[in-house]
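First the structure, in the form of structure tokens, and then the observations on it.
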Amino acid sequence: MDIIVCIKRVPETAEADIVLDAGKKGIDTDGMVFSINEWDNYAVEAAIQLKEAQGGKITVVSAGPEENNEVLRRALAMGADDAIRLTDPAFEGSDAIAMARILAAAIKDIPHDLILTGVQADDDGFGGTGVALAEMLGLPYAALVTDIQLDGDTLTVHRELEGGLEEVTAVKMPALLTIQTGINEPRYVSIMGIRKVAKKEIAEKSAGDLSLSGDDIGVKGSLSQIEGLFFPPVGEGAEIIEGTMDEKAETLVKILKERGGIA
Amino acid sequence: MKKIAVLVEHRQGEIREITFEMLGKAHQLAGSDDEVQALFLGDTSQKELVAKVSPHAHTTLAVYDAALKDFEPLRYGSALEAVLSNADCDLLLMGQTAFGMDLAPALAAKMTMPFTSDVVDIEILDGGVKATRQMYSGKVSAAVSLKEAPKRLLTVRAGAFPAEDVPEVSGEVREIAWSVDGDFAVRKFLSYIEAAVGDVDITQADVLVSVGRGIKDADNIPVAQELADALGGVVSCSRPVADKKWLPKERQVGTSGKTVKPRVYIALGISGAFQHQAGMKGAATIIAVNKDPKAPIFSIAHFGIVDDLFKVLPALTEKVRELKG
């Protein structure tokens with residue numbers, strides 16, 4: 002079973018102080034910690050579990066600068082076999098659909114039974130690249146997958162719906178699935194593991210290698226454009242309780258008592 | 043004259059609330075000459091559902107076919123293409139939901155529609171479409187423009203617009219012909235699985251002590267449980283905690299978990315992604331404890347403590363125990 006996993010390198014922003022860059026169309030990532038997009042990490046683990054059960058080969062693909070080799074090597078250390086980095090200044094400014102076009106151009110020539118992506122990326126939160134990619138490759142797909150069972154050439158998957166409801170759907174391979182967090186428990190990657198794959202070659206593909214024209218990618222090939230970033234209005238916000246820890250706890254207990262928080 | 047279309051979302055015999063949220067926004071965007079359209083895909087047994095949305099649209103375009111009984115994106119996408127060739131709409135709205143996320147990006151790619159996702163606001167200015175969406179864990183907003191095109195597509199975040207007071211207009215319903223054409227057997231709906239019922243029903247609790255990523259480890263859950271016990275409450279959690287199996291899924295609060303409305307909701311180390319907020323913003327009193335003063339949870343909490351939850355928890359538990367003797 003040949004599996005391709007698309008992965009993205011993203012800044013960790015959940016607890017970081019965010020500063021906009023000078024053009025206010027991006028954020029200043031100086032000093033930020035980057036890692037594999039959380040959803041993609043679950044997708045890599047899902048691919049490895051399928052490979053362990055079925056045999057086959059896993060290729061990880063990531064678009065971006067040389068730093069993206071970190072996440073590709075991390076995936077290799079987890080158990081992927083090959084890594085490809087798609088890199089070209091002409092890719093800059095691509096929206097999610099244009100990015101799907103770039104991925105499609107790279108993937109169409111690699112044998113695949115199954116393509117996995119994360120449901121969404123932690124940075125732009127778009128949640129559509131995988132499904133657009135499936136359309137471009139002419140593959141059946143399912144988004145928001147929380148369980149995968151394989152039966153011959155058919156995948157029986159669970160899709161996460163709202164309110165705890167799940168949908169059971171059958172998808173015939175070759176197919177694409179977008180993977181939701183919590184589907185598995187991604188394995189730990191040791192520094193030793195990463196060292197072992199440090200010398201493994203990572204193939205590079207440019208726009209020219211993929212026969213992509215400038216009209217299809219980058220700002221020109223994108224039908225949506227970020228005009229500017231700004232910080233969302235905060236609203237009234239919480240009344241912040243100050244003081245020593247003892248005073249804070251004292252105040253909180255008072256609030257809890259008033260508001261029916263102590264049974 | 044512009045036409046704004048809304049794809050009706052329905053499941054298990056009910057119109058999903060996102061439909062009315064989008065219809066309300068479509069009316070707000072529409073001028074007096076403009077038209078709001080509802081697009082409905084389903085089977086003939088679901089005709090009664092159409093009656094719930096058609097009063098809120100100038101035109102409802104409906105496809106009825108046995109193949110459209112349950113949502114399947116390949117069939118729905120094909121039927122939607124047939125509707126869109128009749129709808130003549132300038133802008134199509136779909137939900138950024140399990141339904142829309144499984145359909146919209148493919149449709150945008152197939153029909154070369156300018157598209158952006160998960161929008162929380164929409165503006166139409168001089169025929170141009172601008173949308174606001176959030177990035178970077180909800181800490182940054184982005185103004186996104188869609189290029190000129192015959193049809194443009196947006197998916198809308200659930201809860202971004204009110205579902206109440208959607209204008210009523212005298213709407214006509216038009217049936218659109220569509221027949222199954224293509225290999226749709228490659229994806230097949232099988233069944234629904236209802237949410238598991240756990241030992242504790244968090245939707246019934248008056249006091250919830252809810253833990254997020256900040257709790258750091260499964261071994262720390264008992265610290266939150268101690269506070270919950272002292273308060274006579276129950277421990278719930280945000281998505282990352284359930285993903286890591288530190289607490290069972292049925293304890294999860296949020297869009298894909300449970301919606302709760304306790305008297306008091308204490309959010310410990312929860313950043314407050316909108317998916318979480320959607321499940322708990324109805325709580326009467328929200329108290330948030332987080333190290334990050336810019337965590338989105340503080341924007342909806344009534345009271346906040348910016349500090350390490352591992353310092354706040356024991357101090358608070360101790361005070362509550364003192365009070366209760």
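Line order of the protein sequences matches chains G and B. Quick note: the first sequence uses my numbering, first residue 2, plus one each step. Quick note: the second sequence uses my numbering, first residue 43, plus one each step. Glycine included, each C-beta is placed from N, C-alpha and C at the ideal position.
Checklist entry - How would you list, in chain order, the residues of chain G whose beta-carbon sits under 8 Å from the beta-carbon of Ile235/B? => result His159, Leu166, Glu167, Glu168 and Val169
Next on the checklist: Using only CA atoms, which one of Phe352/B, Met43/B, His100/B and Pro156/B lies nearest to Arg216/B?
Outcome noted: His100/B
Checklist entry - Can a CB atom of chain B be found closer than 7 Å to the CB of Glu136/G? => result yes
Next on the checklist: Is there a C-beta anywhere in chain G that falls below 7 Å from the one on Ser187/B?
Outcome noted: yes
Checklist entry - Can you tell which of Lys291/B, Ser313/B and Arg305/B has its C-alpha closest to the C-alpha of Ile257/B? => result Ser313/B
Next on the checklist: Using a Cβ-Cβ distance cut-off of 7 Å, determine whether Arg117/B contacts chain G.
Outcome noted: no
Next on the checklist: Quick check on the burial criterion: 16 or more other C-beta atoms within 10 angstroms. Buried or exposed for Leu365/B?
Outcome noted: exposed
Checklist entry - What is the DSSP secondary structure of Glu259/G, reduced to helix, strand or coil? => result helix
Next on the checklist: I'd like to know if Lys230/B contacts chain G, where contact means its C-beta is closer than 7 Å to some C-beta of that chain.
Outcome noted: Closer than 7 Å: yes.
Next on the checklist: Based on DSSP bridge pairs, tell me the residues matched to Lys173/G.
Outcome noted: Thr155/G
Next on the checklist: Please state the DSSP three-state secondary structure of Ile5/G.
Outcome noted: strand
Checklist entry - How would you write the range of the alpha helix (DSSP H) that Phe82/B sits in, first residue to last? => result Segment Glu77 to Gly84 is the beta strand (DSSP E) holding Phe82/B; no alpha helix (DSSP H) there.
Checklist entry - So with Cβ pairs under 7 Å, would you call Ala320/B a contact of chain G? => result no
Checklist entry - Can the beta-carbon of Phe325/B be found closer than 7 Å to that of Lys303/B? => result What sits at residue 325/B in the sequence shown is Ala, not Phe. Between Ala325/B and Lys303/B, the CB-CB gap stays under 7 Å.
Checklist entry - Looking at the structure shown, is Gln138/B part of a helix, part of a strand, or coil, going by DSSP? => result coil
Checklist entry - Excluding the five sequence neighbours on either side, which residues of its own chain have a C-beta within less than 7 Å of the C-beta of Arg75/G, listed in chain order? => result Excluding residues up to 5 positions away in sequence, Ile37, Val190 and Ile195 lie with their Cβ nearer than 7 Å to the Cβ of Arg75/G in the same chain.
Checklist entry - Under 8 Å Cβ-Cβ, which residues of chain G neighbour Ala148/B? => result Listed along the chain, the chain G residues whose CB falls inside 8 Å of the CB of Ala148/B are Val132, Ala133, Ala135, Glu136 and Tyr142.
Checklist entry - Quick one, which of Val120/G, Gly139/G, Pro141/G and Asp124/G has its alpha-carbon nearest Gly131/G's? => result Val120/G
Checklist entry - If Ile203/G and Ala84/G are in contact, beta carbons under 8 Å, what's the gap, nearest whole angstrom? => result 5 Å
Checklist entry - What whole-angstrom Cβ distance do Asp125/G and Ser223/G have, given they're in contact under 8 Å? => result The Cβ separation is near 13 Å, so there is no contact.
Next on the checklist: If the criterion is Cβ atoms closer than 7 Å, does the pair Leu358/B and Ala239/G meet it?
Outcome noted: no
Next on the checklist: Please report the straight-line C-alpha distance between Ala1/G and Asp31/G, rounded to a whole angstrom.
Outcome noted: A query on residue 1/G cannot be resolved here, the shown segment of chain G reaching from 2 to 264 and no further.
Next on the checklist: Beta carbons nearer than 9 Å to chain G: which residues of the stretch 135-163 of chain B have them?
Outcome noted: Of all residues in the stretch 135-163 of chain B, only Gln138, Thr139, Ala140, Phe141, Met143, Asp144, Leu145, Ala146, Pro147, Ala148, Leu149, Ala150, Ala151, Lys152, Thr154, Met155, Pro156, Phe157, Thr158, Ser159, Asp160 and Val162 place a beta-carbon less than 9 Å from a beta-carbon of chain G.
Next on the checklist: Using beta carbons (cut-off 7 Å, strictly below), is Met64/B in contact with chain G?
Outcome noted: no
Item to check | Paired residues, beta bridge with Lys170/B - DSSP | outcome: This sequence places Gly at residue 170/B; Lys is not what is there. Answer by DSSP bridge pairing, in chain order: Leu167/B.
Next on the checklist: My output table needs one value for Pro209/B: the three-state DSSP class, helix, strand or coil.
Outcome noted: coil
Item to check | First through last residue of the beta strand (DSSP E) which encompasses Tyr178/B | outcome: That residue, Tyr178/B, is in no beta strand (DSSP E); it is neither H nor E in DSSP.
Item to check | Asn42/G - DSSP class collapsed to helix/strand/coil | outcome: helix
Checklist entry - From Glu114/B, Arg117/B, Glu56/B and Met64/B, pick the residue whose C-alpha is nearest to that of Arg90/B; which is it? => result First, the amino acid is wrong: residue 90/B is Glu here, not Arg. Selected option, being the one with the closest Cα: Glu56/B.
Checklist entry - Along the chain, where does the beta strand (DSSP E) that runs through Leu115/G open and close? => result Its beta strand (DSSP E) spans residues Leu115 to Gly119.
Checklist entry - Terminal residues of the continuous alpha helix (DSSP H) containing Tyr118/B? => result Pro115 to Ala129 is the span of the alpha helix (DSSP H), which, as asked, contains Tyr118/B.
Checklist entry - Using 7 Å as the limit for Cβ to Cβ distance, is Ser278/B near chain G? => result no
Item to check | Close-in-space but distant-in-sequence residues of the same chain around Ser187/B (CB under 6 Å, 5 per side omitted) | outcome: Lys172
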